[in-house]
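Enquirer: This structure is in structure tokens; I'll ask about it shortly.
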Amino acid sequence: MQIYADNAATTRMPGAVIDVMKECMENIYGNPSSLHSPGQRAAEVLAQARESVALMIGAEPKEIFFTSGGSESDNQAIRSAALAGKRKGKTHLISTAFEHHAVLHTLRKLEGEGFEVTLLPVYENGIVRAEDVRNALREDTALVSVMTANNEIGTIQPVKEIGAACREAGVVFHTDAVQAAGHIGLDVKEMNIDMLSLSAHKFGGPKGTGALYVRKGVPLLPLIEGGAQERGRRAGTENIPGIAGMAKAFSLSMERLEENRAYVSGLRDALIEKLSEIPHARVNGDRERRLPGNVNFCFEGVEGESLLLLLDADGIAASSGSACTSGSLDPSHVLLALGLPHEVAHGSLRLTLSAENTMEEVEYMAAKIKHAVRYLREISPVWEELEKGERKHVI
Amino acid sequence: MGISMENNGQTKALIAMSGGVDSSVAAALMQAEGYDCVGAMMKLYQGEDTAGTEKRKSAQMAHKPGEGEQDVRTDEAVRGAGICCSAEAAADQAESRTCCSTDDAEDAASVARKLGMPFYVFRFTEEFRCQVMERFVNSYLSGETPNPCIDCNRYMKFEKLYERARLLGCEKIVTGHYARISRDGAGGRWQMRKAVDQTKDQSYVLYQLTQEQLAHVCLPLGELTKERVRGLAQEYGFFNARKKDSQDICFVPDGHYEKFIEKYTGRRAPEGNFVTQDGEVLGRHKGIIHYTVGQRRGLGIAAAHPYYVKEIRPESNEVVLCVHEALFQRTLTARDVNWVSIAQPDQKIRVQAKIRYRHSPQGATAEMTEGGLLKVTFDEPQRAITRGQSVVLYDGDLVLGGGKICGEEQKTAEICRDPRNSEN
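Structure (structure tokens):
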């Protein structure tokens, strides 16, 4: 059996999305900036995609800027808001301790350039409190950036309330909605969002395509210079197949949003329930306010990497931490932000389900995970110490 | 559990890869011998853990198992003696003088891909911090000059990495070390010999391997010369075959151990007195971690004859200086003793002993004390016998065993039991 349970890392593209992209590659080869008919056809496809993406989040087409993906969108949103703030003497930035590295690293760079950064706590349930944001806001705050849903533990943040606090104070509010889009409903107006990052491949679109929503009236400065594309905010010939594929994937997932949400969260809850039977295991992040497909567990005495190896041999594709950080060295900064001790933050398993998974797969995974955890504990010196009482259980 | 040890009748082997010539060739050789191979690399530390990180903030470091391990030795002192790096980095690239960069991981992955092997990168930062860095720092603080490569081989490559190998169903773990492993008759003791290429021999850094470990370790380069290995690398088309050996300790790429230690502990080493063996104060020193037994340069003492570091006394924070002749000693004691090719002898044996990586073996007799220490008496006095370094005993090519030099009294550095307690 081959089971893909790493949909927060990336998703498989539906056939309908591939068809749209293939059509673009074969027939819409013009440059949308060109005057001639092939160019105009490409411009038409681009305009349609922009409209479609805007519609999905309750925005105006003019408020959508296509980029190369979530990381670029985050970088541009934060740099732009920071720079615009600086011009008015505002050099304070607010974010949270468990943002994606595209946000955290950009903030760290800005810190080196003279900005002051406040990172808010996320508490044990992995949810930021709007009142903390309100209390952190200052006269010189240029930007607040809080993700819509966390990539590792899937917790959904009170974006609407945070947005309201920012709106009241006249501070730009950006949210990285890369993990949320296509999985939960988003409405930038209702949620008081000024800037929002999207990535196509997290909801069935192609890699290398994303978008940044920027509310009309909020200034946006380009990261990439060199052309008038995206109204001068993002130079470079538009990736028409990618953009068209993104629009198609987004509308497909929005069409099925409620249906998928009910189905996938049913799988998620069943999997969480089964894995909770394992002793000294814990779910990371709030049980209720989390993305439909996200299951994130820590098993005491078990290293995440070892577990992944065994699961891979059983045909299960999962991840430890987030895919972006499992190539790096830290124990999950997200789990550390929840206040978990180091040894536990090392042992996390993330399974992210989609509508393509089945209950049968959930049962298979649960059985294999239980088996693997038991085996790894048998050979773990740490577990032996725990069992002998030489070391205290933390879970 | 889970993964089968055999794949279509082939035994599975995990190759500790670095992207360098040696481990790449080792991988190809194992494949040619019919093993079903898996490549792996260890990520052992991150930028913040090392000194001089500013230059290469973004570098993700991973360790390159088992290559080019050697010491960095100045003319005068054994400062850093035996401190080795198991890596081949582009030594001419001053800016990326580390063996453990993203480039290395990419090189290793590319070699694995070329050979059609799966490739994994394992994150062992916590274990490395506890088992290697912590020991390294504590050793310096207690007046020793450690050789972290020995600990890294012992605890990381042949223990931690082997655990992962087992999970992947691998019976063998393979490194690019230059040394030979064989068996004393069927069912007999596992033995280790020097590499055929004596100039590349790395048996010194492998003496801590146990019988159990030797049973599943393969060192395919032990029978080959470095020249031959380079030739094979060309034949296999490994583009990195031109890489030079690096000579530094991997997590202190700039060679400033004292800075690393001060950063790691968050404390400046306190200044103290230089004294003679009779206790006469000769001047002030910058902190004991700045000195190594045998060192002459950088003492800042004006005298008619040159002074050398004779001994470091952490308790009184003194550095004892002496004249050159007084550096020579005939006996040493070692703890943490491991017997490799022979069982622990119950009487005196004749050996050739090496007291650091680049030392040529010297005639000596060795015996175990009742306290479980190893006592070595050299035929001729040896210069600058240094605590923290290892003494390794040979009988010709055969590695008999060895231990960590501890002088006369046994000094055990405080080692964290749990990697997680090692946060500084």
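Going down the list, the protein sequences come from chains A and B.
In case it helps, the working numbering puts the first sequence at residues -8 to 386.
In case it helps, the working numbering puts the second sequence at residues -16 to 407.
We put the beta carbon where it would ideally sit given N, CA and C, even for glycine.
1. Roughly how many whole angstroms lie between the Cα atoms of E54 (chain A) and K207 (chain A)?
2. Using a Cβ-Cβ cut-off of 8 Å (strictly less than) and excluding sequence neighbours within five positions of G(-8) (chain B), which residues of its own chain qualify?
3. Please say whether L177 (chain A) and L203 (chain A) have beta carbons closer to each other than 9 Å?
4. Among the candidates A:K79, A:R78 and A:L95, whose CA atom is the shortest distance from the CA of I85 (chain A)?
5. Taking the beta carbon of L26 (chain A) as the centre, do at least 16 other beta carbons fall within 10 Å, making it buried, or is it exposed?
6. Does the structure place the region 148 to 159 of chain B close enough to the region -7 to 8 of chain B that three or more beta carbon pairs sit under 8 Å?
7. To be precise: take each residue of the region 138 to 162 of chain B, compare its Cβ to all Cβ atoms of chain A, and keep it if any distance is under 9 Å. Which residues remain?
8. Answer with yes or no whether the minimum CB distance from Y18 (chain B) to chain A is below 9 Å.
9. Return helix, strand or coil for N287 (chain A), following the three-state DSSP convention.
10. Residues in the region 96 to 110 of chain B with C-beta within 8 Å of chain A's C-beta atoms, listed in sequence order?
11. With a threshold of 9 Å between beta carbons, is L342 (chain A) in contact with chain B?
12. Inspect the beta-carbon positions of V8 (chain A) and L329 (chain A) and report whether they are closer than 9 Å.
13. Which first and last residues belong to the beta strand (DSSP E) in which N388 (chain A) is found?
14. Examine chain B for any beta-carbon lying closer than 9 Å to the beta-carbon of L101 (chain A), and answer yes or no.
15. Please name the residue, chosen from B:L98, B:S93 and B:M24, that lies closest to Q14 (chain B) on a Cα-to-Cα basis.
16. Have a look at the DSSP bridge pairing and note the partners of N321 (chain B).
17. Confirm, please, whether the CB-CB distance from I325 (chain B) to L383 (chain B) is below 9 Å.
18. If you check the beta carbons only, do M175 (chain B) and L197 (chain B) fall under 9 Å apart?
19. Output, in chain order, the set of chain B residues within a Cβ distance shorter than 9 Å of L377 (chain A).
20. Mind checking if S62 (chain A) is an interface residue toward chain B, Cβ cutoff 9 Å exclusive?
21. With DSSP as the reference, identify every bridge partner of V303 (chain B), one or two as the case may be.
22. Leaving out five residues before and five after V345 (chain A) in sequence, what residues of the same chain have Cβ atoms less than 7 Å from its Cβ?
23. Do G218 (chain A) and G227 (chain A) come within 9 Å of each other at the CB atom, strictly closer than that value?
24. Considering L326 (chain A), what are the terminal residues of the alpha helix (DSSP H) in which it resides?
25. What does Y(-5) (chain A) pair with, by DSSP beta-bridge criteria?
26. Less than 9 Å between the beta carbons of M138 (chain A) and T109 (chain A), yes or no?
27. Determine the direct distance from the alpha carbon of L134 (chain A) to that of V124 (chain A), and round the result to whole angstroms.
28. When you compare only the Cα positions, how much space is there between K242 (chain B) and K265 (chain A)?
29. Report the residue from B:A(-4), B:A92, B:Q185 and B:T(-6) whose alpha carbon sits nearest the alpha carbon of M24 (chain B).
30. Mind checking who W173 (chain B) pairs with in its DSSP beta bridge?
31. So what's K337 (chain B) in DSSP terms, helix, strand or just coil?
32. Quick check: G295 (chain A) and V373 (chain A), are their CB atoms within less than 9 Å of each other?
33. Buried or exposed for S64 (chain A), please, with buried defined as at least 16 other CB atoms from any protein chain shown within 10 angstroms of its CB.
34. Give me the chain B residues within the contact set of S310 (chain A), using Cβ-Cβ distance strictly less than 8 Å, ordered along the chain.
35. Using only the alpha-carbon positions, how far apart do Q345 (chain B) and D378 (chain B) sit?
36. Put G159 (chain B) into one of helix, strand or coil per three-state DSSP.
Expert: With the given structure in hand:
1. 6 Å
2. Closer than 8 Å at Cβ, skipping near neighbours: no residue.
3. no
4. Ranking A:K79, A:R78 and A:L95 by Cα distance to I85 (chain A) puts A:L95 first.
5. exposed
6. yes
7. E146, R147, R149, L150, L151 and G152
8. no
9. strand
10. Y103, V104, F105, R106, T108 and E109
11. no
12. no
13. For residue 388 (chain A) there is no data in the structure shown, the boundaries of chain A being -8 and 386.
14. no
15. B:L98
16. B:G385
17. yes
18. yes
19. For L377 (chain A), none of the residues of chain B pass the 9 Å Cβ criterion, the least Cβ distance being about 12 Å.
20. no
21. B:V258 and B:E294
22. Here residue 345 (chain A) is Ser; the residue named in the question, Val, does not match the sequence. Within the same chain, S345 (chain A) has close Cβ partners N(-2), T2, V255 and G284.
23. A distance below 9 Å separates the beta carbons of G227 (chain A) and G218 (chain A).
24. Run containing L326 (chain A): H324 to A328, per the alpha helix (DSSP H) assignment.
25. A:A308
26. no
27. 11 Å
28. Those two C-alpha atoms are separated by around 51 Å.
29. The residue among B:A(-4), B:A92, B:Q185 and B:T(-6) with its C-alpha nearest the C-alpha of M24 (chain B) is B:A92.
30. B:R166
31. Here K337 (chain B) carries a strand assignment [DSSP, helix/strand/coil].
32. no
33. S64 (chain A) is buried by the Cβ-count criterion.
34. Within chain B, no residue comes near S310 (chain A); the closest Cβ sits about 13 Å away, beyond 8 Å.
35. 11 Å
36. coil
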